[in-house]
Every structure is written in structure tokens, then in C-alpha cells.
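**Q** Structure incoming, see below.
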Amino acid sequence: MSRSAAFLAVLGLLIILATAAGCTWSDQERTVLKVVPAGSLLYPFEQIEAEFENQHPEIDVQLEGHGSIQAIRQVTDLQRPIDVVAVADASLIPDMMYIPMGKGEEDYTDWYIPFAENEIVIAYTDRSRGADEITPENWYRTLARPEVRVGFSNPMLDSCGYRALMVTALAEDYYNEPGLFDEIIGGAFDPPIRPQLQDGMITINLPERMRPATEKVAIRDGSIYLLSLLDAGGIDYAFEYRSVAEEHGLHWIDLPPEINLGSAEHADYYGKVRVNLGFQRFQSIGSERIGQPIVYAITVPRNVPHPEEAQMFVEFVIEAFREERAGWPDPLSPEMMGVSV
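Just so we're aligned: 29 in the numbering used here is position 23 of the sequence shown, and the numbers increase by one with no gaps anywhere.
Okay, here's the thing in C-alpha cells:
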């Protein structure tokens, strides 16, 4: 055999071996890991998914974003076989998952790990009404204008929704502007939604169905679903997480730390406001949301289909958020992230 023929034969064998090696996991069934994150986590989790699958080609991570309440209900109400749940409000996990899976059975989970913080901002675009005038000092007056349309997510489904209500109620108190909540949000409903002050606590009681009666307010199932509406000019301003505003290239107004739900130093002040969800299924669990600093958390349901792979993914997420990720405030400290509650 000539040298050229021998070379071609060896090359052909190498190609066959390389092709076979490349098809190892396509020819075999990969483990499908169902991960349900809060919508505001989709962007960083898509990056984490790619990195994780590159290191673990035998695992196929499938992401499905929902509002934080809806994410948990995939497990508790719909009884779906979900491997990992990650939410934008750590307190939702004990409130909604530390309950028995059935009569005489164990809880859906009994632990979670906090891993990141965030804050609420007012997001907008160049085409928003008042975009050339709005500032951190006058933002609330701009949103209160009758012709300005404001969007937030459904508080029955998404934590950013009830936080939008909290921020607006706190702003009314912080700026000493009586009626501000009504002008920005509450007056758009019939009957109006109005905060009640009693014993130093601001309480917002919501109807069972959040249906605005005017075009002043628009509501979507999750905060990320407001982005297309904002981009199309259907609304002028949206209550969003800062990470979401930055990841999607929006303009935004930073709110004072006293009301943006992003400062541990002001936790006591945040705790002055609570939102009572009107949805009947929340009467026994998770119906009362208290203002507190925004903390994200992750858990693995007890009846998880793939416990080992789920734990691997959780550890990967925690490690990823130890590194600064674009668009996010500083992650929690390694000590805080390592605590299971």
C-alpha cells in the first residue's frame, strides 16, 4: 500500500471514530432535567444551561420560565415531575412548599438556598411619554400623569407584581404624597384598590381577579412579558427587576433604597407594607406577602425524578452566581449562599 493510500485509510478511520464519539449521547437517551425558574432568571439560566450541558453532555436541561408563584404551582398544584425550582422570592418556598404532598406524606421540600439579590426599577424606552423629562426625583409624578400607561405583572402569579404594589405604596408614604397609589395604579380598577393604614401597617387587599377598568394600567402574567408591550409602545413604563432592564437594554430609573426592596438596611421599612392576594387557593398558604429585601432562592422538590442530576445543577447555579453575572446586582456572599433554610 502506498503512503498516500495508507494516510487516507488512517484518516478515514479517524473520521469514523470521531463521528462515533460525537454521536455518543445523541445515540443514547440523555437524562432530561426539568428546571422551572422565575421569568427574570431565564436569561442567566440560559447561559448556565449551555455551560452545564457542555460539562455534562449526558444531561439535557430544559428550562420553562414562569412567574415565581406559578413556578411553584407546577409542582404543588399541577403535580408535574419538576427537578429544580428557582424563584424570585425566597419566602414563597416555605410558604407554599413546606406542606404535605398528600395525606400522611412528607412536604414538597424542606430546604432552599438563597443565591442572589435584586431591586425594583422603573423601566422605559425612548418612545415612552415623558422619557425626556423623567428623573429619579420626579418619576412618581410622571407615572401619575393620566395619559401615562403603567405596566406590572400579575401579583397572583408573579412576585414582581406584588412588589410593584409594595413599591408604589411605600413611595406614597416616603414622598408624603397622599393618593399617589391611586393615581398610579389603584384608580385604574373598579372598585379602586386603595392601601389601608392601620397600626402603622399599610395593607393592600387585592380582588380575586386583577382586571384594570381603564387603559392606565396593563397587567401581564410575568414581568418579562411586559417587555414586548413596552417595546411596542403599548405601555410607557414598567415595574421591572434591575437585572431584566439591563439584560434587555432598557432605560430605567433607580429608586431610593428606602423603597426599591433591594437594601437589607431598610428591611424594617419594607416590612410596613403587605399585600393580601385575593385568589381563593391562597387562603391557607402564601396569601399574605410582606415587604422585604428581594432574595432569589432555589430548591429541589422531594419527589424529584432525577435527584442526583438536580443537585448537580443546583450546585452549578450557586457557583455561577458566586461570579458576577452581567446585569445583576452583587450576588449574595458565599456564606449566605451556602445556607439551607
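All C-beta atoms, glycine included, are put in the ideal place defined by N, C-alpha and C.
Quick one: what's got a C-beta closer than 6 Å to residue 115's C-beta in the same chain, skipping five residues either side?
**A** Residue 115 sits at position 109 when you count from the first residue of the sequence shown. Answer for residue 115: 103, 305, 307, 308, listed in chain order.
**Q** Would you tell me roughly how many angstroms separate the C-alpha atoms of residue 72 and residue 165, rounded to the nearest one?
**A** Against the sequence shown, residue 72 aligns to sequence position 66. Against the sequence shown, residue 165 aligns to sequence position 159. So the two alpha carbons sit approximately 11 Å from each other.
**Q** Tell me the DSSP bridge mates of residue 157?
**A** Your numbering for residue 157 matches position 151 in the sequence shown. Residue 157 is bridged to 224, 244.
**Q** Residues bridged to residue 37 by DSSP?
**A** In the sequence shown, the residue the question calls residue 37 occupies position 31. Answer by DSSP bridge pairing, in chain order: 65.
**Q** Using 8 Å as the cut-off, can you tell me whether the segment 268-279 makes contact with the segment 85-101, which would need three or more C-beta pairs spanning the two stretches below that distance?
**A** No, the segment 268-279 is not in contact with the segment 85-101.
**Q** Would you say residue 261 and residue 140 are within 8 Å of each other, going by their C-beta atoms?
**A** To locate residue 261, count along the sequence shown from 1; it is residue 255. To locate residue 140, count along the sequence shown from 1; it is residue 134. Cβ distance not < 8 Å, so residue 261 and residue 140 don't count as in contact.
**Q** Could you check how far apart the C-beta atoms of residue 244 and residue 136 are, in whole angstroms? I think they sit under 8 Å.
**A** Taking the sequence shown and counting its residues from 1, the one referred to as residue 244 is at position 238. Taking the sequence shown and counting its residues from 1, the one referred to as residue 136 is at position 130. Not really, about 14 Å apart at Cβ, beyond 8 Å.
**Q** Three or more beta-carbon pairs under 8 Å between the segment 220-239 and the segment 163-183, yes or no?
**A** Contact holds: three or more Cβ-Cβ distances are below 8 Å.
**Q** Run the CB neighbour count on residue 182, radius 10 Å, all protein chains shown included, and call it buried at 16 or more, exposed below.
**A** If you number the sequence shown from 1, residue 182 lands on position 176. With fewer than 16 other Cβ atoms within 10 Å, it is exposed.
**Q** Using C-beta distances below 6 Å, list every residue in its chain close to residue 329, excluding the 5 sequence neighbours before and after it, in chain order.
**A** Here residue 329 corresponds to residue number 323 of the sequence shown, with the count starting at 1. Cβ neighbours of residue 329 beyond the five flanking positions: none.
**Q** Within the segment 71-152, note down every full alpha helix (DSSP H) run reaching 4 residues or more, in order along the chain.
**A** If we require 4 residues or more, the alpha helix (DSSP H) runs fully inside the segment 71-152 come out as 74-82, 98-103, 145-150.
**Q** Would you mind stating whether residue 213 and residue 297 have Cβ atoms separated by less than 8 Å?
**A** Counting from one through the sequence shown, the residue named residue 213 turns up at place 207. Counting from one through the sequence shown, the residue named residue 297 turns up at place 291. Not closer than 8 Å, so no.
**Q** Determine the DSSP secondary structure at residue 327, reduced to helix, strand or coil.
**A** The residue labelled residue 327 in the question sits at position 321 within the sequence shown. Of the three classes helix, strand and coil, the one that applies to residue 327 here is helix, per DSSP.
**Q** In three-state DSSP terms, what is residue 214?
**A** As a first step, residue 214 is located in the sequence shown; it is residue number 208 there, counting from the start. Residue state, collapsed to three classes: coil.
**Q** Given residue 201, which residues of its chain have a CB within under 6 Å of its CB, disregarding the five upstream and five downstream residues?
**A** Within the sequence shown, the letter at position 195 stands for residue 201. The residues are 175, 187, 208, 210.
**Q** Using only the alpha-carbon positions, how far apart do residue 130 and residue 41 sit?
**A** To locate residue 130, count along the sequence shown from 1; it is residue 124. To locate residue 41, count along the sequence shown from 1; it is residue 35. If I take the Cα positions, the gap works out to 30 Å.
**Q** Output the distance between the C-alpha atoms of residue 310 and residue 112, rounded to the nearest integer angstrom.
**A** For the purposes of this step, residue 310 is taken as residue 304 along the sequence shown, with counting starting at 1. For the purposes of this step, residue 112 is taken as residue 106 along the sequence shown, with counting starting at 1. When rounded, the distance between both Cα atoms is 13 Å.
**Q** Could you pull the DSSP bridge partners for residue 304 from this structure?
**A** Within the sequence shown, residue 304 is the residue found at index 298, counting from 1. Paired residues: 92, 119.
**Q** Quick one, which of 204, 264, 218 has its alpha-carbon nearest residue 190's?
**A** Position 184 of the sequence shown, counting from 1, holds the residue named residue 190. Among 204, 264, 218, the Cα nearest to that of residue 190 is on 218.
**Q** What are the residues that DSSP puts in a beta bridge with residue 207?
**A** Against the sequence shown, residue 207 aligns to sequence position 201. Answer is 204, bridged to residue 207.
**Q** Whole angstroms is fine: what's the gap from residue 68's alpha carbon to residue 234's?
**A** Working through the sequence shown from its first residue, we reach residue 68 at position 62. Working through the sequence shown from its first residue, we reach residue 234 at position 228. Spanning the two alpha carbons is a distance of roughly 23 Å.
**Q** Measure the C-alpha to C-alpha separation of residue 275 and residue 264 and round it to an integer number of angstroms.
**A** Taking the first residue of the sequence shown as position 1, residue 275 is located at position 269. Taking the first residue of the sequence shown as position 1, residue 264 is located at position 258. Distance between the alpha carbons of residue 275 and residue 264: 7 Å.
**Q** Of the choices 62, 95, 63, 64, whose alpha-carbon is the least far from that of residue 78?
**A** Here the question's residue 78 lines up with position 72 in the sequence shown. Among 62, 95, 63, 64, the Cα nearest to that of residue 78 belongs to 95.
**Q** Is residue 310 helix, strand or coil by DSSP?
**A** The residue labelled residue 310 in the question sits at position 304 within the sequence shown. Note: residue 310 maps to coil in three-state DSSP.
**Q** Mind checking residue 82: buried by the 16 CB within 10 Å criterion, or exposed?
**A** Working through the sequence shown from its first residue, we reach residue 82 at position 76. Under this definition residue 82 is a buried residue.
**Q** Any idea what DSSP makes of residue 44, helix, strand or coil?
**A** Taking the sequence shown and counting its residues from 1, the one referred to as residue 44 is at position 38. Note: residue 44 maps to strand in three-state DSSP.
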